[in-house]
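Following: one structure in structure tokens, then a few remarks.
This is how it looks when you write it as structure tokens:
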């Protein structure tokens, strides 16, 4: 589904046109370019675009079928970039992923989106507001999209930092919480983020080094900035992953300590009942000569003895930390 | 056993010939090539082929004896490639492996298969249907075979993703399941996949970089595509492996938590019987003056007392989560 | 907030001037340079500086917004460096972080600080005392700041060494201490340090290799010295991290051993009461012919028997290490 | 001790000679070379050889003293190679190691062996049977020895695969086996293999790349083959090592699960005896009015009650998997 | 403190001189050099040497203050090397560290030692005995010192191998030993060794590659030998470290197995007393019609019954491995 299409000239949007071939034909002045935005296109639908803009069949296949790895490919003098998009769904504490494929030629940009959460419309609006960036042509669009996507990575990573902090608090809290599954889920989310961030580093590094033909020379510092943000996301993810591993270890230790505490509590509790039972056993013996049995207050005495012994044990266990 | 042999000219199959030497002699026009497919050949059988096509003795040895590492070798102006094939056997939840060796010369392809599950016949049929790909000669055959094998890797990996999801669900389910052995088996399967995928990356990267002489220049983007799929398989396998490690850790934690729960349940259960036993012990004492013993309803009173205490303990343990 | 600004000529401070544009204009002789120190500037405030010194917008953005990754960037013929600062807060046993951004041109240095604990004022005073270093211009300032920051890293690392030693002592002490959380917190602090140290290594290596234009050639040995200190900090951090992992493992082992000890102690304790209870049970049997029951000293005999058996068990358990 | 010495000319063995200096003097035609095989030589003994063949003192020292790291060194125009040999001792399930040092000059090979299990005699016989290989001179000998040694690595690795399979079966068997020590021993053996295989990879890679002067150009594919086998050994060893780690984890999990099962079995067993004891306690109470006590069949009734309750518990525990 | 100083000419020691400036002045013939050995010099003391030999201030600072990282630096045409020395203190089973700094110029060597255990005096004596090595000038001294220090590394590593073997034996012994702390301490020692060995590898590799100006060309094979020994030390340390990790895991498993064994022993022991107690309980019931109570040998019968049942349980537990 074509979402938006327009011709840009000298940093400004010129009226759109539904006929893309005609639109491209009008991009005849230097710096002119057409930007077509597509969302989850069918194969047939996209075939038409591929013909108009001369897109390479392999790239077209990748763009139509989602679930690609982030990558940057050159076909002749056009560039093909695949990106994963990430966003954090608060209700589910989960990271969702989408995909953007970008075709960049001298005079056109074709952007293809998959997935619900990520949209490029506001990116286009912001870009249209920045005459200067737009004036850099398709390279400017590339930067704008990359910058936005990587900023979203950082936002997702910040949410995960919060989640890890919560898990940490829960691990070291006195409550019995099932932190193992939360840690597992977070590790899984981090894997998701890693799958988006890591393979993108090399393409962005190439852009930052200015070695990708078709991208303007002066753009390198901007891509270095993106590369830097990407590196920050990657480092934070690695840091969180290793923190979670430590947190998991700590959780295991807490379980063991707790089991030990429980075991000692149980034993102390058992002693409180077993020792009086022993006393009852003694006074249940059938010896003919047991003076206490004949005492008037023998029975109360026995009960008192039991209570005293149990109380003494209680105090002793309390003091030695077993209860 | 020779499975199929044919001469290809201008992207089309020309009639086959059982006499391979004659067949090769007919491949005299530019672009002509012979493709001989062999399955688990005996040493003698293959020696004959080696003479006809001038194959290098070291490569012949590797092709006849299976269990080689994936690799790409150049001998003079011919190329020798060894691949592992993978397929997933649903009944056994297991990954099976086979092997394909390919000899590529200017005017011939010799493919050698080992193992039952992988066949090249449909690959040949598909290739014969694509005049264009076939027109690229031995390089086209190389691409077709590689593409197919790597696509099968991705299918196997997808099945493993499902298996890991199942294990994960089982680990966090309330049932007592022996997940350790399932995780172990899956790790083993992942090792199998890794052994096929990892050593193939370097050869395919060389093909993708276009630095292997004997492979046509324009083919590089196609091999880059294969390389990319391979990278995806490799990354997914790594991701699954680390997920399994986390799942195993979580499994260990679950066992500990369960043991703790069991221990507390047992202790609570013990208390329910030990405390009434104590009461019985008290009324089994032989003191002469124990008023309750003379009560008409002393016995029911004692039973009621036991039931009340046990019931109170039950409620208390239920509330504090021990039962 | 501008903290200090001054013109330096031939290694000495020339009187300051509040009007920075005028100050820079006076830096007209070779070797002259202006050093402006700023603390947590607002965007507007800093915009003015950026104009006077011609700072690159991307760098300005990074300098104003803190939480950047350590990095070294070149924009035209000026250099932009971001550093993390670390200091150890004794009361909290915690590592705090701040940030310094440095802009270096041919004739100016702009230093921007974020965070409370790190100050550059004494660095400036020391530098002003060293005419020779100051004579090297902005490169000298760069060295002085880097040297100071990295020295602070080493101090922080030394404090962490002490903390790890304490944790180690606590793990192997006989007391029941909750070392898991202390180890976790220390791992977290080490992660903090790593986040400052690791990304700085590459920029400093470039300075040490003398490949950063704008930094004087003869300065390389000095930056090699800084690079070396940085490597020392990094290696110590890695060493501490792996020591902590081992300490954690040892802690887990201690918990298990302790639980085992407790279990045996409890069992031995239980035996001391259960065996006499059994004896009491025997003499509570109602057989008509039990000679002991009629003995004059039957009761004392039974009590003595119980005490003897319990005493014997006690000695036996003590000797076999169960009590 | 000199084991064998001979002159080889045009791919055939010429009669030996005890006087090595004379033997070497006779190696005057192109392609002629002398091969001297030595076993655990004394320093003096070897000094004599060193003089005759002009061996470098550092290499001589390494050859006489065993326990060197595998390495390839060039001294002038001769090559010095140190190899570890491995063999598997079935009785002990253990990997034994030996050492071979090879000196290769234009017209001589000196091979020095340490350790009992590896012998070069059959390698020499095989080589003498292959006129072609022998015709390649010292380079051919180098290949023959390397090929044989690396093939032995693969055999040892195959034995270890079998051992790991056994351990695996034992870990997941229902029997209580002490797998921890078997896994440890296997890890140790793998370390032994790794110490032989890993450092050899770089020298063989150099031989395979054809960058070692003194080794004939056409030999590269043969050394690539060796390199490939070495890579296979290395990958298998890594795979086994990580499998063993997983197996160990699984073993730990099995122990925990078993402990849990035992604990529940014990508790269930305890319940079977504790509950009847409680019933006995009830009928041991001394209330005056307990109707059952007067029943004719009160005693059998009580025994039946105990049996019924115990039987019911048994069934219940069986059904809930505790017994 | 200056320990020794002398002029060396043509491979022999010429009489020493307390006035170092004069001594250096006499080193005027080609190949002459002065070797000054210093032990823990004060800053002032060393300043004087620095002036005489023209040492770089940064190197002087590092040489006077110990606790540097091993490194090789070039200042102009002189070389500065820092080494860690290691030795094993048998009484404490501990690795001690010291430090050596070496300044090498065309005509001088200044060696600075820190710490007690390492001395260079015997190295100097040995060197003086070897006219040939001494004839290589400062480069020969460098080799002699490096060779000696690295040989000491190997000795320390050999001691640690013995320690690891002991720990291993202790882990798998039947005794209850606290191996966790021994393993921890050994890991710590290995870290100490690693800190000496690892950073030295790169400098020695540079020496072995012959790329350090100021070191004679022909010396490369000698430094390759040192490099090789260093690699051996590093590999052994890595191997020991991973063995210790495995040993620790095995230790954890042993603890668990032991706890399990203890638990079953305790339960079996409990059964031996609880079942007879139940029998006593039965004969303590107050039914009017209990035939056994009236038997003449009822009491002995009951005792025998208890003993029989306990004996039977004992046999059964023994056979099933619980006792």
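Residue numbers (the working numbering), protein chains in the order written: chain R, 1 to 323; chain P, 1001 to 1323; chain S, 2001 to 2323; chain Z, 3001 to 3323; chain U, 4001 to 4323.
For every residue, glycine included, the Cβ atom is placed at its ideal position computed from N, Cα and C.
Handout entry: residue 55 of chain R, DSSP secondary structure in three states
Key = coil
Exercise for the section: Please confirm if the region 4053–4063 of chain U is in contact with the region 4180–4190 of chain U, defined as three or more CB-CB distances below 8 Å between the two stretches. Expected result: Verdict: no, contact absent.
Handout entry: In chain order, each alpha helix (DSSP H) run of at least 4 residues that lies wholly inside the region 3040–3106 of chain Z
Key = 3043–3053, 3057–3064
Handout entry: DSSP beta-bridge partners of residue 222 of chain R
Key = Bridge partners of residue 222 of chain R: none, in fact.
Exercise for the section: Verify whether the separation of the beta carbon atoms of residue 52 of chain R and residue 21 of chain R is less than 8 Å. Expected result: It is a contact, given that the beta carbons lie within the stated cut-off.
Exercise for the section: May I ask you to verify whether the region 2191–2201 of chain S touches the region 163–179 of chain R, counting CB pairs closer than 8 Å and requiring at least 3? Expected result: no
Exercise for the section: Pull up the distance between the alpha-carbon of residue 2237 of chain S and that of residue 2185 of chain S, whole angstroms please. Expected result: Annotation: residue 2237 of chain S to residue 2185 of chain S spans about 14 Å, alpha carbon to alpha carbon.
Practice task
Quick one: which residues of the region 3212–3229 of chain Z get their C-beta closer than 9 Å to a C-beta of chain P? List them in chain order.
Solution key: 3221, 3222, 3224, 3225, 3228, 3229
Handout entry: Cβ contact check for the region 2284–2302 of chain S and the region 2254–2262 of chain S: 3 or more pairs under 8 Å
Key = no
Exercise for the section: Grab the span of the alpha helix (DSSP H) containing residue 4320 of chain U for me, first residue to last. Expected result: Run containing residue 4320 of chain U: none; DSSP gives neither H nor E here.
Practice task
Rounded to whole angstroms, what's the CA-CA distance from residue 163 of chain R to residue 88 of chain R? Just pull it up for me.
Solution key: 11 Å
Problem - Cβ neighbours of residue 3172 of chain Z in the same chain (closer than 8 Å, five flanking residues each side left out) - result: 3250, 3254
Handout entry: residue 1104 of chain P versus residue 1151 of chain P - alpha carbon distance
Key = Distance between the alpha carbons of residue 1104 of chain P and residue 1151 of chain P is about 21 Å.
Problem - Residues from the region 4242–4270 of chain U in contact with chain S, defined by Cβ distance under 8 Å - result: 4248, 4251, 4252, 4255, 4256, 4258, 4259, 4262, 4263, 4266, 4269, 4270
Exercise for the section: In the DSSP assignment, find the alpha helix (DSSP H) that holds residue 3158 of chain Z and state where it starts and stops. Expected result: That run of the alpha helix (DSSP H) goes 3138–3172.
Practice task
Report the three-state DSSP secondary structure of residue 210 of chain R (helix, strand or coil).
Solution key: Residue 210 of chain R: coil per DSSP, three-state reduction.
Exercise for the section: Would you mind telling me which residues of chain S sit closer than 8 Å to residue 4173 of chain U, beta carbon to beta carbon, in chain order? Expected result: None at all; the shortest Cβ gap to chain S is about 15 Å.
Problem - Neighbour flag for residue 3043 of chain Z against chain U, beta carbons, 8 Å - result: no
Handout entry: Own chain residues within Cβ distance below 8 Å of residue 1153 of chain P, not counting five before or after
Key = Cβ within range, chain order: 1086, 1193, 1196, 1197, 1229, 1230, 1233.
Problem - Sequence-distant residues of the same chain with beta carbon closer than 6 Å to residue 1113 of chain P, five excluded per side - result: 1039, 1100
Practice task
Figure out for me which residue from U:4138, U:4240, U:4012 has the closest Cα to the Cα of residue 4217 of chain U.
Solution key: U:4138
Practice task
Answer yes or no: do residue 4072 of chain U and residue 4110 of chain U have a C-beta to C-beta separation smaller than 8 Å?
Solution key: no
Practice task
Report the neighbours of residue 1066 of chain P on chain Z: residues whose CB is nearer than 9 Å to its CB, in chain order.
Solution key: Residues of chain Z whose Cβ lies closer than 9 Å to the Cβ of residue 1066 of chain P do not exist, since the nearest Cβ in that chain is about 12 Å away.
Exercise for the section: Output, in chain order, the set of chain S residues within a Cβ distance shorter than 9 Å of residue 4321 of chain U. Expected result: Here the premise fails: no neighbours, minimum Cβ distance about 18 Å.
Problem - Within-8 Å CB hit, residue 3056 of chain Z to chain U - result: yes
Practice task
Going by DSSP, name the residue or residues bridged to residue 4033 of chain U.
Solution key: U:4008
Handout entry: Residue burial classification, residue 4068 of chain U (beta-carbon count within 10 angstroms, cutoff 16)
Key = buried
Handout entry: Contacting residues, own chain, Cβ-Cβ under 8 Å from residue 18 of chain R (five flanking each side not counted)
Key = 5
Exercise for the section: Just grab the DSSP bridge partners of residue 4112 of chain U for me. Expected result: U:4038, U:4101
Exercise for the section: Check whether the Cβ atoms of residue 1140 of chain P and residue 1134 of chain P lie closer than 8 Å to each other. Expected result: yes
Handout entry: Proximal chain Z residues relative to residue 1293 of chain P, where beta-carbon distance stays under 7 Å
Key = 3286, 3287, 3288
Handout entry: Collapsed DSSP secondary structure at residue 1176 of chain P in the structure displayed
Key = coil
Problem - Beta-carbon proximity check, residue 3102 of chain Z vs residue 3037 of chain Z, cutoff 8 Å - result: no
Practice task
Have a look at residue 74 of chain R and residue 3 of chain R and give me their C-alpha separation to the nearest angstrom.
Solution key: 25 Å
Practice task
With 8 Å as the threshold, decide whether the Cβ of residue 1131 of chain P is near any Cβ in chain R.
Solution key: no
Handout entry: Short CB-CB distance (under 8 Å) between residue 139 of chain R and chain A
Key = No chain A is part of this structure, whose protein chains are labelled R, P, S, Z and U.
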